[in-house]
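Enquirer:
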Amino acid sequence: MPANRDTLRRYIADLPVGALPRSMAEEGEVVNAINVDQLPTGLVTGSNLIQFSPAVSAPIKSSVTLSLLAAQRVASNDPVVLDPDQWVARHNTVLQNLNWHNDGGGKVESEFKSVNVAVHQAIIPFLTAALGGAVAAGSLIVTALEQLQKIDQDSPWITLFDKQSRRFDVTEYQFTVVEMDEPNRLVRLSMAAARLNADYGRTQVLFFKLTKEKARFEQVSQKFSADIDLLADMNGDLKARLSALTKSFIRGLPDELLLGTGQP
């Protein structure tokens, strides 16, 4: 882990995040850029759907989002990473090198008794359990998933979310709740992931109907924490390193997904 400010700045500057893919660059031309200095309460960053508590400040939102984007991009561009577990390990190592402390987690396999339901609906029960009490167990994220059937399946954020969630022979959706721990001057991440076989022959896995043979998920949960002041301090360096990627990989959630959450 970087030992001091100068080491951290060099680490961020040298992050191997890869070039912007041609298809993503073309797509980004027709999508409004999001302002990383004024991020909404709910957004999607690559394969990660993020919910911020109302107490999270704008600079902290930016640093958290860019930390998660950096971790995804480094893991996805590392030629040594050959399977989903290695991808997660590389992702988490990047976060730790960005001064996030790994507070532990685990992985369990879940089997759903209900079939003929869409993936985004089947994810909700174990996602709620995995997030525990984090901002009412990810109420904004859960509401967004529940509302998906009401919007266009070709929405840019859904296309991005599905595309970035496909790795090797699986699709792994990530979900993160971000909270402030002011007494300890910490930002806390509660992360959950749903991993399932991606071989469906469908463009949008989120809307795929589960069958008896394909009703199993691996549930992965992880918690991280970071010093508030350190996060705010590295915000400028992260923005400088990732500026070319933010337009194509970070999207705000559509308003129609957030109805009934009580979030601003």
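So the number in our numbering is just where the residue sits in the sequence shown, counting from 1, plus 178.
Each residue gets a CB set at the ideal place from its N, CA and C atoms; glycine is no exception.
What you are looking at is a predicted structure, and each value in this text was computed from that prediction instead of being measured.
#1: Among Arg366, Gln299, Phe385, whose alpha-carbon lies nearest the alpha-carbon of Gln331?
#2: Which residues mark the beginning and the end of the alpha helix (DSSP H) in which Gly283 is found?
#3: Ends of the beta strand (DSSP E) at Lys401?
#4: Using 8 angstroms for Cβ pairs, my map puts Ser240 next to Leu217. What's the rounded Cβ distance?
#5: Checking the sheet assignment: what are the DSSP bridge partners for Asp359?
#6: Hey, would you say Leu309 sits closer than 7 angstroms to Ser245, going by beta carbons?
#7: In three-state terms, what does DSSP make of Ala296?
#8: Return the chain-ordered list of same chain residues with a C-beta closer than 8 angstroms to the C-beta of Ala422, the five sequence neighbours on each side being excluded.
#9: Please state whether DSSP places Gly206 in a helix, a strand or coil.
#10: Alpha carbons only, please: which of Phe353, Ala296, Asp347, Ser343 is nearest the one belonging to Gln327?
#11: Using C-beta distances below 6 angstroms, list every residue in its chain close to Arg394, excluding the 5 sequence neighbours before and after it, in chain order.
#12: With C-beta atoms as the reference, is Trp335 less than 7 angstroms away from Arg429?
#13: Determine the closest residue to Met412 out of Ile302, Pro232, Ala248, Ser254, with distance taken between C-alpha atoms.
#14: Once DSSP output is grouped into helix, strand and coil, what is the label at Ala370?
#15: Please name the residue in Glu396, Thr271, Phe353 whose C-alpha comes closest to that of Val320.
Expert: From the atom records:
#1: The shortest Cα separation from Gln331 among Arg366, Gln299, Phe385 belongs to Phe385.
#2: No alpha helix (DSSP H) holds Gly283; the beta strand (DSSP E) holding it covers 279–289.
#3: From DSSP, the beta strand (DSSP E) with Lys401 extends over 394–405.
#4: Approximately 6 angstroms separates the beta-carbon atoms of Ser240 and Leu217; this is inside 8 angstroms, confirming the contact.
#5: Partner(s): Leu364.
#6: Cβ distance not < 7 angstroms, so Leu309 and Ser245 don't count as in contact.
#7: Strand, per DSSP.
#8: Taking C-beta separations shorter than 8 angstroms and ignoring five residues to either side along the sequence, the partners of Ala422 in its chain run Leu198, following chain order.
#9: Residue confidence is low: Gly206 scores 45 on pLDDT, short of 50, so the model does not pin down where it sits. Its coordinate-derived value is still stated next. When secondary structure is reduced to three states using DSSP, Gly206 falls in the helix class.
#10: Of Phe353, Ala296, Asp347, Ser343, the smallest CA-CA separation from Gln327 is found for Ala296.
#11: Counting only Cβ-Cβ distances below 6 angstroms, and skipping sequence neighbours, we find Glu289.
#12: Closer than 7 angstroms, so yes.
#13: When each option's Cα is compared against that of Met412, the closest is Ala248.
#14: Correct three-state label for Ala370: strand.
#15: Ranking Glu396, Thr271, Phe353 by CA distance to the CA of Val320 puts Phe353 first.
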